[in-house]
Structures are given as structure tokens and as C-alpha cells.
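As C-alpha cells, the structure follows; a few thoughts come after it.
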Amino acid sequence: GAVVSQHPSWVICKSGTSVKIECRSLDFQATTMFWYRQFPKQSLMLMATSNEGSKATYEQGVEKDKFLINHASLTLSTLTVTSAHPEDSSFYICSAWGGRGYNEQFFGPGTRLTVL
Amino acid sequence: AQSVTQLGSHVSVSEGALVLLRCNYSSSVPPYLFWYVQYPNQGLQLLLKYTSAATLVKGINGFEAEFKKSETSFHLTKPSAHMSDAAEYFCAVSKRGSQGNLIFGKGTKLSVKP
């Protein structure tokens, strides 16, 4: 199957700083990318959906000014957590859909963010 | 609105025993249904999906699931558990197949005893 990578796999930052997480589709072009957040021992919650070249669509309750999503190319989407706080500590997972001909979303391995 | 309910946050079976993980869904439109597996600190891997074709869906690693519209269920089964099956399993529903937003259940952790 197609491969989606995330970088970094884990990051620790100080409260008030910003962190950027990259999601790349390595061997296909991702028409749509999704960002999920997973708290310990809980399910994945969709944060936003992004299509290449257009603004992301955020789910209700997700602060778009805090979680900046950029889908600048068909193989790269970034999530920037601005002015991070300890409550932003979580596991962030992206997925990518390659468009017609692709029968599934492919998930990245996730990024664990810890804010001190 | 769509939703998924997974009965049992933790299921424990013996190696070689039947695995049954339950999933019930709610959807106002014909749903697309998925089962994913997640190993610790990893992303999700698709086990199988239902897309309105055959109601009995076979997936990877010997897993299968049956779509029952009358029961709004999509339970995951495997005849004989293996130690390597120990993981977290998520059921998900979507309106638009793989291109749409996935709504996940809370997950079921499967433990396999030797």
C-alpha cells in the first residue's frame, strides 16, 4: 500500500512555543489530507480536512488560529501548533487520500507532542 | 449524524480462541464501514472495509466482518487468535467512503493470553 510519513515522530517543547508537524505522502499524490488527534486510551478525533491549495476545513471546537494547517503541495501537509500549552500534549495522526482509484485513506505513524 | 459504538473497551481471549469485537453504527445514509488496527505508538492500519458490495468482508490477517443492516452492526471476527493480534482495534464509519471524514469508535483493546 501507499506510504505516509510524519515528522517528527515525537517532540517535546516548552509552553508558549510553536511546533510544526509534517505529513508527507511518499509514493502518491494526496488529494485530501486529514489531521486527527488522539488522547491516551481514547479514539481519534478529526481536527481538520485539507485539500491541496485551499484552506483547511476545521471541525467544530477546533481553534483554527491555534492549529494552523497548510496543504501547499499534493505530497505535503503541515500542522503547526501555535503557542502550545500542556493541554495540547497529544498524539497527532495524519492520513491521506489519493483520489479516484484509491480505496482507503493511508495513515501516518503519528507524532507524539509533549508540552512542558 | 453518524456515530459508532464499540461494545467493550477491553477484550481478552486465549490464544487459539475466537475473537469477536463488536461495533454498532448509526448513519442517516448508507454507510461505509471500516475496521482499523493500531499497535502501540503507531498509526492505523486498515483491516477491512465495507462499501455496499458483499455483506461479509474478508480482511488481512484472517479477520472478517459482517455487515448487518437490520442490526446496524459490523462486528469483527477471527476464528483463532494469535499473540500478534494483541492491539487496539477501531471501528469507523464514513458517508463518502475513503475520501470522507472517518468517525471512529472509542476502540477495543484486544489482549491475547498464551
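Residue numbers (the numbering used here), protein chains in the order written: chain A, 187 to 302; chain B, 43 to 156.
Glycine included, every Cβ here is placed at the ideal spot set by N, Cα and C.
Note that this is a predicted model, so its numbers are computed, not measured.
- Across the structure, G101/B and M125/B are spaced so that their CA atoms are roughly 18 Å apart.
- The Cβ atoms of I207/A and T297/A sit closer than 7 Å to each other.
- Of all residues in the region 209–222 of chain A, those with a C-beta nearer than 9 Å to a C-beta of chain B are T217, T218, F220, Y222, reading in chain order.
- A distance below 8 Å between beta-carbons, with the five flanking residues on each side excluded, links Q224/A to the following residues of its chain, in chain order: L230, M231, S276, F277, Y278, I279, G296.
- Along the length of the region 240–290 of chain A, whole beta strand (DSSP E) runs at least 3 residues long occupy 253–259, 262–267, 276–283, reported in chain order.
- In chain order, V71 place their CB closer than 6 Å to the CB of K137/B, counting only its own chain and leaving out the 5 sequence neighbours on each side.
- By the Cβ rule, the region 260–270 of chain A does not count as touching the region 52–68 of chain B, because fewer than three pairs are nearer than 8 Å.
- In this structure, F132/B places its C-beta atom within 7 Å of the C-beta atom of Y78/B.
- Counting along the chain, E113/B sits inside no beta strand (DSSP E), nor does DSSP assign it H or E at all.
- Within 7 Å of the CB of N103/B, no CB atom of chain A is found; the nearest one sits about 14 Å away.
- A Cβ of chain A is located within less than 7 Å of the beta carbon of G85/B.
- For H193/A, the CB contacts under 6 Å within the same chain, skipping 5 residues up- and downstream, are E208 in chain order.
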